[in-house]
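To keep things clear, I will list the structure first and then write my remarks on it.
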Amino acid sequence: MRSELTRFPFVKSLLKNRWLQLPVSFVMLAGFLFAILSGFAGTPIGNHNFSIVFVWIAWWAILILVAVPFFGRGWCAVCPIPLPGEWLQRGAILEPPSRKPRWLNLRWPNKLRNIWLQNLTFTLVALFSSVILTTPKVTAIILSAMLFLAVGMSIVFERRTFCRYLCPVGGFIGLYAQAAPIELRVKDKQACAACKDKPCYNGSQVGYGCPWDVFPGGLTKNTYCGLCMECLRTCPYDNIAINTRPFAADLVKPSRKMDEAFKAFIMLGAAMVYAGVLLGPWGALKSAAYSVGTVAWFGYGMAFLAFIFGLLPALFWLAVKLGQELSKSDVPARHGFAAFAKALVPLGLMFWVAFSLSFVLTNASYILVALSDPFGWGWNLFGTAAVTWQPYLTTALVPLQTLVLIGGLLWSVCTAQKIGTEVKILPVPIVVFSTLVTLAMLGLLL
Amino acid sequence: MKLSRKQWSYFILAGLAGAVIAFAPLPVRVAPPTQRIFRVEASQFAYSPAVLTVDPGDTVTIELVSMDVVHGLYVDSYGVSVTADPGQTARLTFTADRSGSFRFRCNVTCGALHPFMIGKLRVGPNTLLWRAIGLTVLAALTAIILFPRLSNVEAA
Amino acid sequence: MKRSEILSRLLVIAGVLIMLSVPLAVHFYNGQNIVEIHGRVAESGGWSPSSIEAKVGVPLHLHLTSDDVMHSFAIGQSDMAPVDVAPGKMTELTLTFDKPGTYMYYCTRWCGPNHWRMRGTIEVSGGSSDAPQLVSPPLYMTLNLNIDAPHPAPVTPADRPSALRGAAFAAMLSSNYLMPDYYRTHSPAQSYLNLRADSALSSLSDPNVWDLVAYIWQSNTTPDGLAKGQRLFAQNCAACHGELGEGNGVFAAGVKAQTGKLPANFADPASMLGASPALLQGKILRGGMGTGMPYWGPIFSDETIWGIIGYLYTFKFGEGQR
C-alpha cells in the first residue's frame, strides 16, 4: 500500500532542489508581508482588505481543504514565518552551514517539549477569533506578532522552536497530518543504526540538521516532521524517502500523549463552537463573542473553555470508562483515553472541512475583489474590483457537508475499532460519542 | 477486503437502507399555499425574528426594517435580496418553491460582524437534515455490526 | 560568500522593500490633487476630513470611502444627486463651484441615530466679489413665534377634513385666505376660527369649514412638491418620526431615552393642527434645542422645506398623496 515517490529520480531532484523551494517561500513571504501591510494601511473593512480575505478565506481554504488532508504538514514546508529568523540563525539564505554556531542556540527546555503551549496559543486565538477574523488591523498584529516571535526564538533557541512548540497553526496541522496520505520516513533503520554522524539531525556541508528537532530515523508518525526536505539533502546513504500511503496510517499507532489528546478536543470543540456562533442565527452569541472585555464575552469565554476542556473530554472519559467496564479490561482508562483520542483526529478534521466549506464558499467572491483592490483604495489591478458578492455552490453545499461529516464519522469509527483492538477496550461507547457529536455538528451546519 | 457472507449481506442491506434514506421521496404534506408576511427587524448584527418558518409553495413577503444602519437580506439558494434604510421598510416577495432550510444573510456591509449576520428560513421540514441524521446513524450502526473486531473484545 | 548567496540576499531585501514601498508610493502619487474623505458614523468622528477648501472654478476631486457602514454624500442646497459611499469601496466625485461661500456636505443614508450630525463644510474662495446677499430672517422670527412652546389646537375637526369637498365651496372664499402669506402665518386651527368668524361663510357647517381649511392647505402645494416632500420625508424624517409620521420611528425610543421626549407625532391633530407652516419651518430650519431634532437650514432650500411641510399636514389632514 505504501509507494515511494522519491524512487523517481525526477521527483527526488525536484524535492532536493533549493532553487525550487526558495522561490515558493519568497512568494509566500511576500504575500505574508503584503497581508501585514494591507492590514495596517488599508481599509478597516474586512471583506475588502487583502489581509482578511487572503488569510482567512483564501489561505485558510487551501490549508484546511487541500494542504492538510492531502499533504499533512505540506504548508509548513513553504510557510514564510520561520524564514527570516532561520536566515538570521544560519547566517545565510542559501549557503550550507559553517561550523560556528551562531547566536544563542539554546536547547528548548524539557518541560516544554510538548504541544501544551500550542494548545494554549490556539485556544487564545480561538477566544478572540471574532475580532481577529473581521478586523484587518488585528490580523496584521497577530501576523506581525508571530513573525517577531519566530525571529526572536530563532535567535535565542536552536532550530525552529517557534514552529515546533508555539505556532497555533502548527499544533493542529501536526495533529491532523497523521491522517494524510503522504509521509517522510527512512527506508532502512539498520542503515541509520550504523550511521555515526547522523547528518540528518546534526547537519553537514550540504545541508542543515533537522530544523524540526526530529531524528528522521525515529519518525513513526507525521506529527512533527515539517517536510522541509533538509534530511533528504544531507543523508549520505540516500535513506530518506517520501511515500504515499493509505489515509490515516498513523492513527492506529498507540499513543499515551495527553497533550495531543487535548489538542483533538480543542479542535473538535472549536469547530462546533464556530459553527454555532459564526454560522448560526443567534445574534446574542455573536455579540458576546465579539465584545471583548465585556461581561458577556467573559461568559462566552468561560463557556467555550468549559466545553472544550471540560465537557467534551469528560464525556469522552465516560465513554472510555464504559468501554473498559464492558470489556472487563484491566487497561487503565487513562491509557485508553489518550489512545482513543486519536479517533477524534479524522473526525475533527472533517468537522473543520465541513465548517470551512460553508464559510469559504459563501465568501470566496471577495477573493476576486481583494485581488484587484487589496487595500480598498479604489484600485483595479485585474479588473475584478467591482465583482458583486455572491455565495458559490449553495445547492451543493449541504450534500457536500453531509458526505464529509459522515465520511469523517466512518473514518473515526474505523480508527476507534483498530485502536480498541490495540488497547483491548471496547470501542462501542466511543463510536456512540463520535456519532452524537457528528449529529450535533450536522444540526449546527445544516 | 475479505468479508464473510453474513458481512456481505449486512453491507448490501446497509447500502440499500442508505439509498432509501438518501433518496426515497418523503410524503409531503400538501398545505394550500398561503400568503405569509414577516416583519423582520435587522440590527447590527442579527435579525429579529432570526428564524422564519413557512410551508412549501407559500408566497413569502419579508418586510425588512432596519433598526440602525443600512442592512440587506439575501436568501441562500433562492438568490433573492432586498436592502432597507432605517425609516424605509423594504419589501421582498418570493414564492417558497424550494424546500429545506436556507440561511439568509446581510448583503450590505454593515459593520465588523457583517459576514456573520445570519438568519434561517425553513421551508417545510428540513428533509436534508433528517436524511443526514438517518445516514449518520446508519453509518455508525453499520460500522458497529460489520466490523467484527468491534464486537470481538468481549462485548456485553 | 558565494554569488548565489549575495544574489538571494539582494533579492530578499530588494523584494521586501519594493513590496512595502511601492503600494504606499503609488497611493501617495495617485492622491495628489485629490481629497480623500473617509466616512464614519458620527460616534466615530463623522466625515474625515470635515472641512475642505476649494476655489471657484477649480474642480475639486474627491475620493470617498466608508470605514464602517453604508453612507452617502450630498451637498446641501444643491440639486446634485447623492452618491453612495460604500464600505471598502472608493467613489470618485468631482465638484466645481461657481460661487464662493460655505457649502455643507452631509450623509443621506441613515447610519445610526446621530446620522444627521455627519456633516462637513467646503469653504470655496475666490470668484468675483458680488455684493453680499441680504438674508432675510425666517418667518418665525419676524412673527416672533416661540417655536419651542407647545401648540395645542384650540379646536379639532370631528372627522378627517377633505380638500376635495372643500373645493366645492372655494368660490365663497375671499382671495386673501388663499395667499401664501396667510397660509404660512396661520395654523389650520386659527384658519378655522377665522373662517368660522367670517360672515360670508356662516351658512357652512363646521365640517365644511374644516374642508375649506383643507382646501386652502392643499392649494398651497403642488403634486410635484408633495411627491418630493414624501420622498424626502421617507429618506430623512421617517427614521425618527415613523413612516406614517406617528413619532414612532426606529430611533424614536432612543430619542426618548436621551431627551425625555418622543419625536413629534404629525398624525396627531391636537398638536399638528395648532402649528402654522411658519412654526414648522422654524423647527425644521433651526432644529433641536436638546430635542434631538436636526437643523436642516444648511441642507434644504426654502422651497424644499415648504414642500416637506405641505406633505406633513397630509398625515391626518386633507387629501393626501398616499
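Protein chains in written order, with our numbering: chain A, 3 to 448; chain B, 10 to 165; chain C, 10 to 331.
Every residue, glycine too, gets a C-beta built ideally from N, C-alpha and C.
CB-CB under 8 Å to Leu321 of chain C, same chain, minus the five flanking residues each way: which ones, in chain order? In the third sequence, the residue the question calls residue 321 of chain C occupies position 312. Counting only Cβ-Cβ distances below 8 Å, and skipping sequence neighbours, we find Gly238, Phe242, Gly254, Phe275, Met281, Leu289.
Could you check where the alpha helix (DSSP H) with Ser449 of chain A kicks off and where it finishes? In the structure as shown, chain A starts at 3 and stops at 448, and residue 449 of chain A therefore has no counterpart that could be examined.
Distance, Leu119 of chain A Cα to Gly172 of chain A Cα: For the purposes of this step, residue 172 of chain A is taken as residue 170 along the first sequence, with counting starting at 1. For the purposes of this step, residue 119 of chain A is taken as residue 117 along the first sequence, with counting starting at 1. Using only the alpha carbons, I get a separation of about 11 Å.
Is Arg109 of chain A helix, strand or coil when you go by DSSP? Indexing the first sequence from 1 puts residue 109 of chain A at position 107. Coil at Arg109 of chain A, not helix or strand.
Residues that Ala55 of chain B contacts on chain A, provided the C-beta gap is smaller than 8 Å: Counted from its first residue, the second sequence places residue 55 of chain B at position 46. Simply Pro283, Trp284, Gly285, Ala286, Lys288, Ser289.
Compute the beta-carbon to beta-carbon distance between Ala263 of chain A and Ala366 of chain A, rounded to the nearest angstrom, for a pair I have assumed lies under 8 Å. Locating residue 263 of chain A in the first sequence gives position 261, where the first residue counts as 1. Locating residue 366 of chain A in the first sequence gives position 364, where the first residue counts as 1. At roughly 34 Å, the Cβ-Cβ gap does not stay under 8 Å, so Ala263 of chain A and Ala366 of chain A are not in contact.
Measuring only between beta-carbons, confirm whether Gly176 of chain A sits less than 8 Å from chain C. Along the first sequence, one-based indexing puts residue 176 of chain A at 174. So, not an interface residue.
Taking the alpha-carbon of Leu280 of chain A as reference, which of A:Thr364, A:Leu22, A:Ser27, A:Cys237 has the nearest alpha-carbon? Indexing the first sequence from 1 puts residue 280 of chain A at position 278. If we check each option's Cα against that of Leu280 of chain A, A:Thr364 comes out closest.
Note down, in chain order, all residues in the region 67-94 of chain B with a beta-carbon under 8 Å from any beta-carbon belonging to chain C. Within the region 67-94 of chain B, the qualifying residues are Val74, Ser75, Met76, Asp77, Val78, Val79, Asp94.
Do you know whose CA, among A:Ala79, A:Ala193, A:Ala277, A:Arg20, lies nearest Gly209 of chain A's CA? Indexing the first sequence from 1 puts residue 209 of chain A at position 207. That would be A:Arg20, whose Cα lies nearest to the Cα of Gly209 of chain A.
Members of the region 127-138 of chain A near chain B, C-beta cut-off 9 Å: Contact annotation: in the region 127-138 of chain A, residues whose CB is within less than 9 Å of a CB in chain B are Ser132, Val133, Leu135, Thr136, Thr137.
Is the CB-CB distance between Thr70 of chain B and Gly109 of chain B below 8 Å? The count along the second sequence starts at 1 and reaches residue 70 of chain B at position 61. The count along the second sequence starts at 1 and reaches residue 109 of chain B at position 100. When the beta-carbon positions are compared, Thr70 of chain B and Gly109 of chain B stay at least 8 Å from each other.
Let me confirm a value: Ala164 of chain B is counted as buried when at least 16 other C-beta atoms fall within 10 Å, else exposed. Which label applies? Your numbering for residue 164 of chain B matches position 155 in the second sequence. The pLDDT assigned to Ala164 of chain B is 38, lower than 50, so where the model puts this residue is not dependable; a value taken from the coordinates is nonetheless given after this. By the Cβ-count criterion, Ala164 of chain B is exposed, with fewer than 16 other Cβ atoms from all chains shown falling within 10 Å of its own Cβ.
Which residue's Cα is closest to the Cα of Ile38 of chain A: A:Cys202, A:Leu22, A:Trp58? On the first sequence, position 36 is the one that residue 38 of chain A refers to. Comparing Cα positions, the closest option is A:Trp58.
Could you give the distance in angstroms between the alpha-carbon of Ser436 of chain A and the alpha-carbon of Pro71 of chain A? Start at 1 with the first residue of the first sequence, and residue 436 of chain A comes out as number 434. Start at 1 with the first residue of the first sequence, and residue 71 of chain A comes out as number 69. Roughly 19 Å between the two C-alpha positions.
Verify whether the separation of the beta carbon atoms of Ser40 of chain A and Phe52 of chain A is less than 8 Å. For this step, residue 40 of chain A is matched to residue 38 along the first sequence. For this step, residue 52 of chain A is matched to residue 50 along the first sequence. Phe52 of chain A is positioned such that its CB atom lies closer than 8 Å to that of Ser40 of chain A.
Report the rounded CA-to-CA distance for Asn224 of chain A versus Ala182 of chain A, giving the unit in angstroms. Against the first sequence, residue 224 of chain A aligns to sequence position 222. Against the first sequence, residue 182 of chain A aligns to sequence position 180. Cα to Cα, Asn224 of chain A sits roughly 8 Å from Ala182 of chain A.
May I have the straight-line CA-CA distance separating Val389 of chain A from Gly319 of chain C, to the nearest angstrom? Start at 1 with the first residue of the first sequence, and residue 389 of chain A comes out as number 387. Start at 1 with the first residue of the third sequence, and residue 319 of chain C comes out as number 310. Using only the alpha carbons, I get a separation of about 43 Å.
Spatial neighbours of Gly296 of chain C within its chain, please: C-beta separation below 6 Å, excluding the five flanking residues on both sides. By 1-based counting over the third sequence, the position of residue 296 of chain C is 287. Closer than 6 Å at the Cβ level, and outside the excluded window around Gly296 of chain C, lie Met302, Pro303, Tyr304.
What is the rounded straight-line gap between the Cα of Ser160 of chain B and the Cα of Val406 of chain A? As a working mapping, residue 160 of chain B is identified with position 151 in the second sequence. As a working mapping, residue 406 of chain A is identified with position 404 in the first sequence. Residue confidence for Ser160 of chain B is low, a pLDDT of 44 falling below 50, so the modelled location carries little weight; the figure read from the coordinates is stated next. Linking Ser160 of chain B to Val406 of chain A through their CA atoms gives a straight-line distance of about 26 Å.
Option in A:Tyr178, A:Phe353, A:Ile54 with minimal Cα separation from Phe377 of chain A: Taking the first sequence and counting its residues from 1, the one referred to as residue 377 of chain A is at position 375. The candidate whose alpha carbon is nearest that of Phe377 of chain A is A:Ile54.
Beta-carbon within less than 6 Å of Thr104 of chain B's beta-carbon, same chain only, minus the 5 sequence neighbours each way: which residues are those? What you label residue 104 of chain B is simply residue 95 of the second sequence in a count that begins at 1. Correct list, in chain order: Thr68.
Please decide whether Leu119 of chain B counts as near chain C, where near means a Cβ-Cβ distance under 8 Å. Taking the first residue of the second sequence as position 1, residue 119 of chain B is located at position 110. A quick correction: the sequence has Cys, not Leu, at residue 119 of chain B. Using beta-carbon distances, Cys119 of chain B counts as an interface residue toward chain C, with a partner under 8 Å.
Whose C-beta lies closer than 6 Å to the C-beta of Val91 of chain B among residues of the same chain, with five residues either side of it excluded? Counting from one through the second sequence, the residue named residue 91 of chain B turns up at place 82. Excluding sequence neighbours, Val91 of chain B sits near Leu73, Leu82, Ala99, Leu101.
Would DSSP call His195 of chain C helix, strand or coil? For the purposes of this step, residue 195 of chain C is taken as the residue at position 186 of the third sequence. Collapsing the DSSP output to three states places His195 of chain C in coil.
Going by the CB atoms, is the gap between Thr43 of chain B and Arg131 of chain B shorter than 8 Å? Position 122 of the second sequence, counting from 1, holds the residue named residue 131 of chain B. Position 34 of the second sequence, counting from 1, holds the residue named residue 43 of chain B. Going by C-beta atoms, Arg131 of chain B is not nearer than 8 Å to Thr43 of chain B.
Of all the alpha helix (DSSP H) runs that stay within the bounds of the region 60-93 of chain A, which reach a length of 4 or more residues? Segments of the alpha helix (DSSP H) lying fully in the region 60-93 of chain A: 70-73, 76-80, 85-92.
Can you find a CB in chain A that lies within less than 8 Å of the CB of Ala165 of chain B? Counting from 1 along the second sequence, the entry for residue 165 of chain B is found at position 156. Unreliable positioning characterises Ala165 of chain B in this predicted model, as indicated by a pLDDT of 35, which lies under 50. The coordinate reading is nonetheless provided below. Chain A places a beta carbon closer than 8 Å to that of Ala165 of chain B, counting this residue as a contact.
In or out: Arg331 of chain C buried (at least 16 other Cβ within 10 Å) or exposed? Here residue 331 of chain C corresponds to residue number 322 of the third sequence, with the count starting at 1. Its pLDDT being 36, under 50, Arg331 of chain C is placed unreliably in this model, and the value from its coordinates should be taken loosely. Looking at its Cβ environment, which holds fewer than 16 other Cβ atoms inside 10 Å, Arg331 of chain C is exposed.
So Lys420 of chain A and Val333 of chain A are in contact, right, with Cβ under 8 Å, and what is the actual spacing, rounded? Your numbering for residue 420 of chain A matches position 418 in the first sequence. Your numbering for residue 333 of chain A matches position 331 in the first sequence. Not confirmed; about 15 Å, so no contact.
Closest to Ala83 of chain C by C-alpha separation, out of C:Ala51, C:Thr130, C:Gln41, C:Met99, would be which residue? Start at 1 with the first residue of the third sequence, and residue 83 of chain C comes out as number 74. Here the closest residue by C-alpha is C:Thr130.
For the alpha helix (DSSP H) that Met304 of chain A lies in, which residues bound it at each end? Translated into positions along the first sequence, residue 304 of chain A becomes position 302. Note, Met304 of chain A: alpha helix (DSSP H), 297-307.
Measuring straight from C-alpha to C-alpha, what distance separates Ile175 of chain A and Val355 of chain A? Against the first sequence, residue 175 of chain A aligns to sequence position 173. Against the first sequence, residue 355 of chain A aligns to sequence position 353. CA-CA distance, Ile175 of chain A to Val355 of chain A, rounds to 13 Å.
Rounded to whole angstroms, what is the Cα-Cα separation between Trp226 of chain C and Gly263 of chain C? Here residue 226 of chain C refers to the residue found at position 217 of the third sequence. Here residue 263 of chain C refers to the residue found at position 254 of the third sequence. For the pair Trp226 of chain C and Gly263 of chain C, the Cα-to-Cα distance works out to about 33 Å.
Per DSSP, what are the beta-bridge partners of His47 of chain C in this structure? Position 38 of the third sequence, counted from the first residue, corresponds to residue 47 of chain C. According to DSSP, which records beta bridges pairwise, His47 of chain C is partnered with C:Ser57, C:Thr74.
Report, in whole angstroms, the separation of the C-beta atoms of Phe326 of chain C and Pro278 of chain C, which I expect to be a contact under 8 Å. The residue given as residue 326 of chain C occupies position 317 in the third sequence. The residue given as residue 278 of chain C occupies position 269 in the third sequence. The pair is a contact, with the Cβ atoms about 7 Å apart (cut-off 8 Å).
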